[in-house]
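A.B. asks: Numbering (our numbering), first residue to last: 1 to 228.
Take this structure, written in structure tokens, and hold onto it; I'll ask about it next.
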Amino acid sequence: MGVFSRLSDIVNSNINSMLDKAEDPEKVVRLIIQEMEDTLVEVRSNAARALADRKEVTRKKGEFATRTKEWESKAELAIAKGREDLARGAVAAKRKAEEMIGLLDGELKAIDETVNKTNEDLERLQAKLKEARAKQRSLEIRRHAASDSVRVSRQVNDGRIEEALARFDRYERRIDELEAEAESWALGRPRTLEDEFAELEAEDGVNAELEDLKRRVANRTSSTGQGQ
């Protein structure tokens, strides 16, 4: 059984309410769209059939209108020739043709009402289908956003990243200790030229090791993010 049993169920439906109650909204909205598309095909088929009927009835009405004129001409001819009996028959045939035209006018009126109603249904159905497709896109965007959020959270909570950052902090503390030790040695005694060069060399070595550590941590963090 389809999501909708009648066309009125579709055009009067509350899509948001239906999806809010669904366990799997994306699956439900796919079913809704499929049902709408199938109904749209059926409604268009009905519209095409109604238009074909209107053409056929219009053609028949034209034929009977022609017959009416022909019988009227024959009746006039019969009167002119003194054949009242033939004229009477021609008038009767003309009246029957006029009755058929009246019946066909009634059919045309009913067909026109059907065509107008079908066009209104098509417009409402297409609007509902557009709404359902927009809702489907919204659900897809929300699902992708949620997946991205989960992936980022996993990366942030990855223990390897925290371990790398902790190791980086330990290196920084060690550097601070080395700098403090170097400063303590310099206290109370004059700085020699050798001390100054030694300090420069030590500082270069520390900076080089620190930059190397930064690169390794950055590379490890980047590799972790790509692997998720």
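Note that CB positions come from ideal geometry on N, CA and C, so glycine has one too.
Note that the structure is a prediction, hence the values are computed from the model and not measured.
Would DSSP call R83 helix, strand or coil?
C.D. replies: As a working mapping, residue 83 is identified with position 83 in the sequence shown. The answer is coil: DSSP assigns R83 none of H, G, I, E or B.
A.B. asks: Who are the Cβ neighbours of I33 in its own chain at under 8 Å, not counting the five residues just before and after it?
C.D. replies: Counted from its first residue, the sequence shown places residue 33 at position 33. Only L129, A132, R133 and Q136 meet the Cβ criterion.
A.B. asks: Below 8 Å on the Cβ atoms is my guess for A93 versus A78; work out the distance and round it to an integer in Å.
C.D. replies: To locate residue 93, count along the sequence shown from 1; it is residue 93. To locate residue 78, count along the sequence shown from 1; it is residue 78. The pair is not a contact, with the Cβ atoms about 11 Å apart (cut-off 8 Å).
A.B. asks: Identify, in the order they occur along the chain, each residue of the same chain with its Cβ nearer than 8 Å to the Cβ of L122, setting aside the five sequence neighbours on each side.
C.D. replies: Residue mapping note: residue 122 aligns to position 122 of the sequence shown, counting from 1. Here the set comprises L40, V43, R44 and A47.
A.B. asks: Counting C-beta neighbours from all protein chains within 10 Å, is the total for A180 16 or more, i.e. buried, or is it exposed?
C.D. replies: Within the sequence shown, the letter at position 180 stands for residue 180. A180 should be labelled exposed.
A.B. asks: If you run the structure through DSSP and keep just helix, strand and coil, what is D112?
C.D. replies: Here the question's residue 112 lines up with position 112 in the sequence shown. D112: helix per DSSP, three-state reduction.
A.B. asks: Does the segment 69–88 touch the segment 99–114, meaning 3 or more C-beta pairs lie closer than 8 Å?
C.D. replies: These segments do not touch.
A.B. asks: Going by beta-carbon coordinates alone, are K74 and A65 separated by less than 9 Å?
C.D. replies: One-based indexing of the sequence shown puts residue 74 at position 74. One-based indexing of the sequence shown puts residue 65 at position 65. For K74 and A65, no; Cβs fall outside 9 Å.
A.B. asks: State the DSSP-derived secondary structure class of D105, mapped to helix, strand or coil.
C.D. replies: Position 105 of the sequence shown holds residue 105. Helix.
A.B. asks: In the structure shown, what three-state DSSP assignment does D169 receive?
C.D. replies: Counting from 1 along the sequence shown, the entry for residue 169 is found at position 169. The answer is helix: DSSP assigns D169 an H, G or I state.
A.B. asks: On a CA-only basis, which of R142, I175, A97 and A52 is nearest E63? Give me that one, please.
C.D. replies: For the purposes of this step, residue 63 is taken as residue 63 along the sequence shown, with counting starting at 1. Of the listed residues, the one whose Cα sits closest to E63 is A97.
A.B. asks: Can you check whether the CB of V217 is closer than 9 Å to the CB of I175?
C.D. replies: As a position in the sequence shown, residue 175 is number 175, starting the count at 1. As a position in the sequence shown, residue 217 is number 217, starting the count at 1. For I175 and V217, no; Cβs fall outside 9 Å.
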